[in-house]
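Engineer: Before I ask anything, let me first share the structure, which is written out below as structure tokens.
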Amino acid sequence: MKITTISIFPEYFSPLELSLIGKARSQSLIDFKSINLRDFTTDNHHSVDDTPYGGGAGMVMMAEPWGLAIDSILEKDSEIDLIILTPAGAKFNQKKAEKLSGAKHLVFACGRYEGIDTRVGDYYRGVSGVRVHEISIGDYVVNGGEVAALVIIEAVTRLIPGVIGNPASLDEESHNEVGALEYPTFTKPAIWREINVPEVLLSGNHGQIQKWRQEEAKRRSELGQ
Ligand code: 6GU
Numbered sequence: 001m002k003i004t005t006i007s008i009f010p011e012y013f014s015p016l017e018l019s020l021i022g023k024a025r026s027q028s029l030i031d032f033k034s035i036n037l038r039d040f041t042t043d044n045h046h047s048v049d050d051t052p053y054g055g056g057a058g059m060v061m062m063a064e065p066w067g068l069a070i071d072s073i074l075e076k077d078s079e080i081d082l083i084i085l086t087p088a089g090a091k092f093n094q095k096k097a098e099k100l101s102g103a104k105h106l107v108f109a110c111g112r113y114e115g116i117d118t119r120v121g122d123y124y125r126g127v128s129g130v131r132v133h134e135i136s137i138g139d140y141v142v143n144g145g146e147v148a149a150l151v152i153i154e155a156v157t158r159l160i161p162g163v164i165g166n167p168a169s170l171d172e173e174s175h176n177e178v179g180a181l182e183y184p185t186f187t188k189p190a191i192w193r194e195i196n197v198p199e200v201l202l203s204g205n206h207g208q209i210q211k212w213r214q215e216e217a218k219r220r221s222e223l224g225q
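In terms of the UniProt record's numbering, the sequence shown has 215 at position 215, counting the first letter as 1, and numbering is strictly consecutive.
Here it is in structure tokens:
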């Protein structure tokens with residue numbers, strides 16, 4: 001899978017060098033590129049934002065640098081999924097992660113300030129080969145789309161075959177109904193600061209263990225904890 005981020009802070013994506021994703025990159029399972037929006041500005045000041053039409057607080061990111069940056073990607077690759085990060089987008093979830101994990105090339109448009117001129121999404125929705133997704137990571141506001149892109153990249157790339165060391169753990173997740181939280185987990189020692197591991201987990205009875213885990217997962221998701 002190819003992943004390209006477009007941002008005024010391309011260094012924000014350096015954590016992708018680490019851990020499983022870094023390894024997947026070195027094994028060529030993921031081809032990641034972070035591009036700088038300011039490289040696509042046309043004025044001496046490398047401006048990316050301007051005041052909003054209709055007035056109001058803050059600045060809006062101008063369409064043209066985004067247009068030029070996205071066009072530069074489309075010159076090399078005519079089929080992309082363009083993800084525009086915005087708190088006004090559809091909420092991200094595991095189902096969306098699964099759908100995106102089958103994509104060939106994910107392009108993340110990471111806006112700052114009060115967001116990106118709405119015409120960018122409208123324009124690329126009309127370009128063949130481009131699928132536009134406006135996505136939010138939850139009901140809160142963060143300062144820019146970069147951290148949201150990192151969340152989505154991590155959720156999506158771990159679903160790509162070969163990225164996770166133990167694919168059985170993915171299997172177990174997908175058997176869980178969507179939204180169900182997982183069961184409580186323990187490892188050695190069996191008693192820690194006078195707290196015992198539940199007896200059933202020491203029993204060796206796999207049927208009972210599975211039943212207990214299902215009940216606990218259900219109880220947790222009902223409590224929302
Ligand atoms: Cl994608 N961007 C910003 N700025 N805030 C958010 C978000 C995105 N998703 C939730 N809050």
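Note that beta-carbon positions come from the ideal geometry of N, C-alpha and C, so glycine has one too.
Hey, out of 112, 158, 203 and 140, whose CA is closest to residue 59's CA?
Structural biologist: On the sequence shown, residue 59 is found 59 positions in, with the first residue counted as 1. Of the listed residues, the one whose Cα sits closest to residue 59 is 112.
Engineer: For my contact list, residue 100 and residue 117 are in at a C-beta cut-off of 8 Å; report their separation, rounded to the angstrom.
Structural biologist: Here residue 100 is taken as the residue at index 100 of the sequence shown, counted from 1. Here residue 117 is taken as the residue at index 117 of the sequence shown, counted from 1. Wrong, their Cβ atoms sit about 24 Å apart, outside the cutoff.
Engineer: Nearest to residue 90 by alpha carbon, out of 185, 137 and 191?
Structural biologist: Translated into positions along the sequence shown, residue 90 becomes position 90. Minimum Cα distance to residue 90 is reached at 137.
Engineer: So which of 218, 145 and 71 has the shortest CA-CA distance to residue 85?
Structural biologist: Taking the first residue of the sequence shown as position 1, residue 85 is located at position 85. For the residues 218, 145 and 71, the minimum Cα distance to residue 85 belongs to 145.
Engineer: Can residue 136 be considered in contact with the ligand 6GU, in the sense that its beta carbon sits closer than 6 Å to one or more heavy atoms?
Structural biologist: Start at 1 with the first residue of the sequence shown, and residue 136 comes out as number 136. Indeed, a heavy atom of the ligand 6GU lies less than 6 Å from the Cβ.
Engineer: With C-beta atoms as the reference, is residue 129 less than 7 Å away from residue 78?
Structural biologist: Position 129 of the sequence shown, counted from the start, is the residue given in the question as residue 129. Position 78 of the sequence shown, counted from the start, is the residue given in the question as residue 78. Yes, they are a contact pair.
Engineer: Per DSSP, what are the beta-bridge partners of residue 41 in this structure?
Structural biologist: Here residue 41 refers to the residue found at position 41 of the sequence shown. Partner(s): none; residue 41 has no beta bridge.
Engineer: Going by the C-beta, is residue 155 closer than 6 Å to any heavy atom of the ligand 6GU?
Structural biologist: Numbered from 1 along the sequence shown, position 155 holds the residue referred to as residue 155. The answer is no for residue 155.
Engineer: What does residue 34 pair with, by DSSP beta-bridge criteria?
Structural biologist: Taking the sequence shown and counting its residues from 1, the one referred to as residue 34 is at position 34. Its beta-bridge partners are 5.
Engineer: Please state if the CB of residue 40 and the CB of residue 69 are separated by a distance shorter than 7 Å.
Structural biologist: The residue labelled residue 69 in the question sits at position 69 within the sequence shown. The residue labelled residue 40 in the question sits at position 40 within the sequence shown. Contact flag set, yes.
Engineer: Starting from residue 206 and walking both ways along the alpha helix (DSSP H), at which residues does that stretch end?
Structural biologist: To locate residue 206, count along the sequence shown from 1; it is residue 206. Note, residue 206: alpha helix (DSSP H), 206 to 223.
Engineer: At which residues does the alpha helix (DSSP H) containing residue 72 begin and terminate?
Structural biologist: If you number the sequence shown from 1, residue 72 lands on position 72. Note, residue 72: alpha helix (DSSP H), 63 to 76.
Engineer: Kindly provide the ranges of any alpha helix (DSSP H) runs that are 4 or more residues long and lie completely inside the region 98 to 166, ordered along the chain.
Structural biologist: Complete alpha helix (DSSP H) runs here, min 4: 119 to 125 and 145 to 157.
Engineer: On the three-state DSSP scale, how would you describe residue 20?
Structural biologist: Locating residue 20 in the sequence shown gives position 20, counting from the first residue. Residue 20: helix per DSSP, three-state reduction.
Engineer: Leaving aside the five residues before and after residue 201 along the sequence, list all residues of the same chain whose C-beta is less than 7 Å from its C-beta, in chain order.
Structural biologist: Within the sequence shown, residue 201 is the residue found at index 201, counting from 1. Hits under 7 Å: 186 and 209.
Engineer: Rounded to the nearest angstrom, what separates residue 30 and residue 108 at their Cα positions?
Structural biologist: Sequence index remark: in the sequence shown, residue 30 carries index 30 (1-based). Sequence index remark: in the sequence shown, residue 108 carries index 108 (1-based). Those two C-alpha atoms are separated by around 15 Å.
Engineer: Would the C-beta of residue 85 count as close to the ligand 6GU, meaning under 6 Å from any of its heavy atoms?
Structural biologist: The count along the sequence shown starts at 1 and reaches residue 85 at position 85. Under cutoff, so the answer is yes.
Engineer: What would DSSP say about residue 85, mapped onto helix, strand or coil?
Structural biologist: Residue numbering aside, residue 85 sits at position 85 when the sequence shown is read from its first letter. Here residue 85 sits in strand by DSSP.
Engineer: When burial is assigned at 16 or more other CB atoms within 10 Å of the CB, is residue 189 buried or exposed?
Structural biologist: Walking along the sequence shown from the start, residue 189 turns up at place 189. The residue is exposed, with fewer than 16 neighbouring Cβ atoms inside 10 Å.
Engineer: With 16 other CB atoms within 10 Å as the buried threshold, where does residue 191 fall?
Structural biologist: By one-based count along the sequence shown, residue 191 stands at place 191. Answer is exposed; the Cβ neighbour count stays below 16.
Engineer: Please classify residue 168: does DSSP put it in a helix, a strand, or coil?
Structural biologist: Taking the first residue of the sequence shown as position 1, residue 168 is located at position 168. Note: residue 168 maps to helix in three-state DSSP.
Engineer: Answer yes or no: the CB of residue 148 versus the heavy atoms of the ligand 6GU, is any distance below 6 Å?
Structural biologist: By one-based count along the sequence shown, residue 148 stands at place 148. It does: the Cβ of residue 148 is within 6 Å (strictly closer) of some heavy atom of the ligand 6GU.
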